[in-house]
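>
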Amino acid sequence: MYRRRYCCCPGYYESGEACVPHCTKECVHGRCVAPDRCQCEKGWRGDDCSSSCDAKHWGPGCGRECKCENGALCDPVSGACQCPPGFIGLFCEDVCPAGTFGKRCQQRCKCKNGGLCDKATGECTCRNGTTGTFCEKTCKKRCQTRCSCQNEGYCKGKGICACPSGWTVRSQGPTGIWSRFLKRLDSLL
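If you use this note's numbering, the sequence shown corresponds to residues 386 to 574, in order.
#1: Do Lys497 and Cys520 count as a contact pair if the criterion is CB distance below 8 Å?
#2: When you compare each of Lys410, Trp429, Lys427 and Gly431 to Pro420 by their alpha carbons, which one comes out closest?
#3: Could you tell me the distance, in whole angstroms, from the CA atom of Phe476 to the CA atom of Cys511?
#4: DSSP three-state label for Lys522, please.
#5: Give the straight-line distance between the Cα atoms of Asp432 and Arg422, rounded to the nearest whole angstrom.
#6: Under 8 Å, do Val480 and Gly487 count as touching if we go by C-beta distance?
#7: Out of Ala457, Cys417 and Gly551, point me to the one whose CA is closest to Cys408's CA.
#8: Would you check if the distance between the CB atom of Ala440 and the CB atom of Cys459 is smaller than 8 Å?
#9: How is Arg493 classed by DSSP in three states: helix, strand or coil?
#10: Leaving out five residues before and five after Ser435 in sequence, what residues of the same chain have Cβ atoms less than 6 Å from its Cβ?
#11: Restricting to Cα atoms, I'd like to know which of Gly396, Val462 and Gln491 is closest to Gly448.
#12: The beta strand (DSSP E) that contains Arg422, what's its start and end?
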């Protein structure tokens with residue numbers, strides 16, 4: 386009985402009853418599809434498929450751009466965004482709704498007396514006249530410090546303003562002044 390033997394073209398080798406492509410380098414996270422040519426799995430790139438996608442890309446050959454916002458991590462295989470604490474939404478574009486904070490905004494804020502709840506940590510920033518972890522205590526005269534906070538900012542005490550999302554402190558002290566305009570101007574300089 387005779388066995389059939391294949392004559393494979395250069396770059397291919399016989400395996401069973403077929404000629405299969407040969408890759409000099411191992412296709413670490415992929416498969417050899419032509420002589421010295423790897424096809425990478427989703428989330429991997431490079432000649433030998435050994436490099437993972439960078440933070441801004443995902444998919445086959447890392448050819449798709451991530452659309453995640455606010456420092457969210459992009460899954461290199463699916464492109465799904467993994468939101469940091471304080472953000473939700475398909476692309477992590479939304480801040481936690483009022484009264485919530487943390488991962489997926491699943492925790493309830495405990496700030497009292499109009500205290501401002503940090504959307505990531507739940508830490509309370511108290512309004513003038515209150516103090517305590519949850520702004521539950523009335524201040525004595527010594528802890529009441531006035532500041533000139535603008536744009537719905539709150540005085541944290543000692544003349545320091547706590548800024549709402551999208552605003553930054555321009556200068557510290559009893560006259561803390563800040564605005565979106567100055568923040569935007571700083572980014573252009």
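For each residue, glycine too, the CB sits at the ideal point set by N, CA and C.
Well, looking at it:
#1: By the CB criterion at 8 Å, Cys520 and Lys497 fall inside the cutoff.
#2: That would be Lys410, whose Cα lies nearest to the Cα of Pro420.
#3: In a straight line, the C-alpha of Phe476 is about 31 Å away from that of Cys511.
#4: Here Lys522 sits in strand by DSSP.
#5: Using only the alpha carbons, I get a separation of about 7 Å.
#6: Taking 8 Å as the Cβ cut-off, Val480 and Gly487 do not qualify as a contacting pair.
#7: For the options Ala457, Cys417 and Gly551, the alpha carbon positioned closest to that of Cys408 is the one of Cys417.
#8: Taking 8 Å as the cut-off, the beta carbon of Ala440 is found closer than this to the beta carbon of Cys459.
#9: Correct three-state label for Arg493: strand.
#10: Cβ neighbours of Ser435 beyond the five flanking positions: Val413.
#11: If we check each option's Cα against that of Gly448, Val462 comes out closest.
#12: Arg422: member of the beta strand (DSSP E) spanning Arg422 to Cys425, first to last residue.
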